[in-house]
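Worksheet for the structure shown next.
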Amino acid sequence: LLQQMSMPRQSPQAAAVAQFNILQQQRMLQLQQQQQQQQQLLRAIPHQRSQLQQQSQPQNLPLRSPVKSVYEPGTCARRLTQYMYQQQHRPEDNNIEFWRKFVADYFAPNAKKKWCVSMYGSGRQT
């Protein structure tokens, strides 16, 4: 308003152009401020990431506990044979109790451990 009051009378077109220029300058300043904020955030990310990694890694603890495998040679082959045998020799009436037990034995969340599937990817096939 002060600029408009101090300026001599202009045509409506000239006033619109002047107002447009002012708005454009304000928008450019906003964009520059946003870019500066984004650059500051981007510069801070690697620093924050390294801090988080340091915090998330427990100090002086081994990554894996030294637990020995409880599987003996032939365990996986035996369990695979049991799986196939149970599938082929299911009850004639095809009852639900058989299938509940079958699913619990071979497809439960801990079934990988029971069925030794996880051993096959490690090159320790038995």
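Residue numbers (the UniProt record's numbering): 1 to 126. The beta carbon of each residue, even a glycine, is placed where N, CA and C say it ideally should be.
Boundaries (first-last residue) of the alpha helix (DSSP H) holding alanine 104: For alanine 104, the enclosing alpha helix (DSSP H) stretches over residues 96–106.
Expected contact under 8 Å - CB spacing of tyrosine 98 and proline 91 to nearest Å: It should be pointed out that residue 98 corresponds to phenylalanine in this sequence rather than to tyrosine. The beta-carbon separation of phenylalanine 98 and proline 91, rounded to 5 Å, stays under the 8 Å limit for a contact.
Opening and closing residue of the alpha helix (DSSP H) in which glutamine 87 lies: 75–88
Local conformation of asparagine 110 per DSSP, three classes: coil
Rounded separation between alanine 77 and histidine 89 - CA only: So the alpha carbons of these two residues sit roughly 18 Å apart.
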